[in-house]
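For the sequence shown, my numbering begins at 16 and goes up steadily by one. By construction, the Cβ of each residue, glycine as well, lies at the ideal position given by its N, Cα and C atoms.
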Amino acid sequence: MNKYFSVYVHIPFCISKCDYCDFNSYANCDNYIEKYVNKLIKDIEVDNSFTNEYICKTIYIGGGTPSYIDSKYIIKIINAIKQKYTLSEDIEITIEQNPSSINENKLLDYKQCAINRLSIGLQSTNNNMLNLIGRKHTYEIFLEKYNLARSVGFENINVDLMIGLPSQTIQDVKNDLKNIININPEHISVYSLILQENVPMYKKIINKEYILPNEVSEREMYKCVQDTFKDNKYVQYEISNFAKENMYSRHNLMCWQQYEYIGFGAGAYSFVGNKRFSNSEGIVEYIENNQIHIQEEMSKNELMREYMVIGLRLINKIDIDRFVDKYGICMYNVFKKELEESANEGFLKYIDGKIILTEKGISLNNMLCEKFL
Ligand code: SF4
16 MNKYFSVYVH IPFCISKCDY CDFNSYANCD NYIEKYVNKL IKDIEVDNSF TNEYICKTIY
76 IGGGTPSYID SKYIIKIINA IKQKYTLSED IEITIEQNPS SINENKLLDY KQCAINRLSI
136 GLQSTNNNML NLIGRKHTYE IFLEKYNLAR SVGFENINVD LMIGLPSQTI QDVKNDLKNI
196 ININPEHISV YSLILQENVP MYKKIINKEY ILPNEVSERE MYKCVQDTFK DNKYVQYEIS
256 NFAKENMYSR HNLMCWQQYE YIGFGAGAYS FVGNKRFSNS EGIVEYIENN QIHIQEEMSK
316 NELMREYMVI GLRLINKIDI DRFVDKYGIC MYNVFKKELE ESANEGFLKY IDGKIILTEK
376 GISLNNMLCE KFL
């Protein structure tokens, strides 16, 4: 039987650092780009994580801003992956984009190397808001680049939006949703702003320079997102993700269904066998002396619990059969008590042998997942 895995590639370069961003990304490091890509390709060439019986189903190039670097590097990376692994015939290859760094030549190069899904970081359709959170593009620039991507032939596009931004109102969110639905992307991810203490925006919140929406408003925003997409035939298949029927992110689904993956680049995580490990975070450190950090080596019991915790982010797609294939036992037997308790407390229900999250299970997902830890 074939086994499947995914590849993640981390490109940590950005034009500037957004005020809220705590990702492993860096501005003003352009002189390292070439060396970084060379090191990354070397890592791909010598990787021995997966035997020949494994087939690569998805590739995800994330960051950072992958569209910031010259597309010749992206072509080299994809070619190295193609040389190294057996790719599935229907492979999904996604690249993340920032509207300010997309151009026609890059898009044509992406097409040429079989990239078939774009993920564009928009965050808001309100220019004042974009400016406030430190984004370097306007909504108009996004629209221009989105249309360019369509004209080049991309038929699977995700747009990222954010809620819970400083001074954002429910009306702002409604405007964002209306604007996005008008342009008809296949997939939309909506993330709540979560601030780490080390980012510039955190200080501005503490100093009361910026005011965040309160918890009630944020819940209202999330509900508005869910209802609006439902009315417009987008399926909510995960806590933060909405898509047209059958246009789900296959890469993310594989992660949430606990398939193995190998990550290349600074700070990239991998999950192979029962181990999770990561590369060195800094660009120079990664290029000159990458260290593999073992994050976790998990027992079967821990792996089964993790399967539930990540799988229960999916609204109705926790894969019961896959659990049996993987662990040789039915999840109802292993987690009888936890599942019964979750159903009794209204977090989930059973329809046609499937586990389906209720509204409570979606909005209080952390509470539900804690039961399986
Ligand atoms: S573009 Fe993305 S990765 Fe880069 S700084 Fe902004 S939020 Fe972070």
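Cβ shell of residue i (< 7 Å), same chain only, five flanking positions each side left out
i: Gln241; result: Gln251
i: Asp58; result: Phe279
i: Tyr263; result: Tyr252
i: Lys99; result: Ile59, Glu60, Asp62
i: Thr153; result: Asn142, Leu145
i: His308; result: Phe292, Ser293
i: Leu388; result: Arg320, Val324
i: Lys121; result: Ser82, Ser86
i: His266; result: Ser21, Thr73, Tyr75, Glu107, Thr109
i: Lys189; result: Cys239
i: Glu260; result: Val250
i: Lys386; result: Glu353, Glu356, Ser357
i: Glu275; result: Phe20, Phe286, Val287
i: Leu147; result: Pro181
Residue i burial status per 10 Å Cβ neighbour count (16 or more: buried)
i: Asp246; result: exposed
i: Ser357; result: buried
i: Ile56; result: buried
i: Asn294; result: buried
i: Asp344; result: Reading off the sequence shown, one finds Ile at residue 344, where the question assumed Asp. Its Cβ having fewer than 16 others within 10 Å, Ile344 is exposed.
i: Ala258; result: buried
i: Asn256; result: buried
i: Lys160; result: buried
i: Leu176; result: buried
i: Met346; result: buried
i: Ser31; result: exposed
i: Lys166; result: The residue asked about is misnamed: residue 166 is Ser in this sequence, not Lys. Its Cβ having fewer than 16 others within 10 Å, Ser166 is exposed.
i: Gln306; result: exposed
i: Ala42; result: exposed
i: Ile92; result: buried
i: Ser314; result: exposed
i: Ile366; result: exposed
Cβ-heavy atom distance, residue i to ligand 1, below 6 Å
i: Phe157; result: no
i: Gly79; result: yes
i: Ser134; result: no
i: Met38; result: The question names Met, but residue 38 in the sequence shown is Phe. Correct: Phe38 has its Cβ closer than 6 Å to ligand 1.
i: Asn173; result: no
i: Lys32; result: yes
i: Cys1; result: Given that the chain is displayed from residue 16 to residue 388, the structure contains no residue 1 and the question cannot be resolved.
i: Asn113; result: yes
i: Cys29; result: yes
Same chain only: Cβ atoms within 8 Å of residue i, ignoring 5 sequence neighbours per side
i: Asn94; result: Cys128
i: Gln211; result: Asp37, Tyr217
i: Ile9; result: Since the displayed the chain opens at 16 and closes at 388, residue 9 lies outside it and no answer follows.
i: Gly168; result: Lys126
i: Tyr206; result: Asp175, Leu176, Met177, Ile178, Ser255
i: Asn304; result: Ser295
i: Leu15; result: As shown, the chain starts at 16 and ends at 388. That puts residue 15 outside it, with no answer to give.
i: Asn67; result: Thr101
i: Gly78; result: His25, Ile26, Pro27, Phe28, Cys29, Phe38, Ser40, Glu111
Residues near residue i in its chain [Cβ-Cβ closer than 6 Å; skip 5 each side]
i: Pro200; result: Ile172, Val174
i: Gly149; result: Cys33, Asp34
i: Thr243; result: Leu192
i: Pro215; result: Asp34
i: Gly136; result: Asn113, Asp175
i: Glu10; result: Residue 10 is absent from the model: the chain starts at 16 and stops at 388.
i: Leu372; result: Ile330, Leu363
i: Tyr69; result: Lys18, Phe20
i: Ile390; result: The displayed coordinates of the chain run from 16 to 388. Any statement about residue 390 would go beyond what the structure contains.
i: Gln273; result: Tyr322
Checklist entry - Where in the region 278–321 do unbroken runs of the beta strand (DSSP E), each at least 3 residues long, occur, reported from the N-terminal end onward? => result 284–287, 290–293, 308–312
Checklist entry - Does the region 226–236 touch the region 48–57, meaning 3 or more C-beta pairs lie closer than 8 Å? => result no
Next on the checklist: Quick check on the DSSP output: what are the complete alpha helix (DSSP H) runs of length 4 or more inside the region 135–178, in order along the chain?
Outcome noted: 142–147, 154–167
Item to check | beta strand (DSSP E) runs wholly inside the region 59–89, at least 3 long, in chain order | outcome: 69–78
Next on the checklist: For a minimum of 4 consecutive residues, which ranges assigned as the alpha helix (DSSP H) are wholly contained in the region 345–380?
Outcome noted: 346–349, 351–359, 374–378
Item to check | Start-end ranges of the beta strand (DSSP E) lying completely within the region 194–232, minimum 3 residues | outcome: 202–207
Checklist entry - Does the region 353–367 touch the region 294–304, meaning 3 or more C-beta pairs lie closer than 8 Å? => result no
Checklist entry - Touch check for the region 320–331 and the region 72–88: three-plus C-beta pairs under 8 Å? => result no
Next on the checklist: Using 8 Å as the cut-off, can you tell me whether the region 19–33 makes contact with the region 102–121, which would need three or more C-beta pairs spanning the two stretches below that distance?
Outcome noted: yes
Checklist entry - Any contact of the region 178–185 with the region 121–135, i.e. 3+ C-beta pairs under 8 Å? => result no
Next on the checklist: Quick check for students: name the residue ranges of the alpha helix (DSSP H) that lie wholly in the region 88–122, counting only runs of 4 or more.
Outcome noted: none
Next on the checklist: Runs of 4 residues minimum, wholly inside the region 240–281: which ones carry the alpha helix (DSSP H) assignment?
Outcome noted: 265–271
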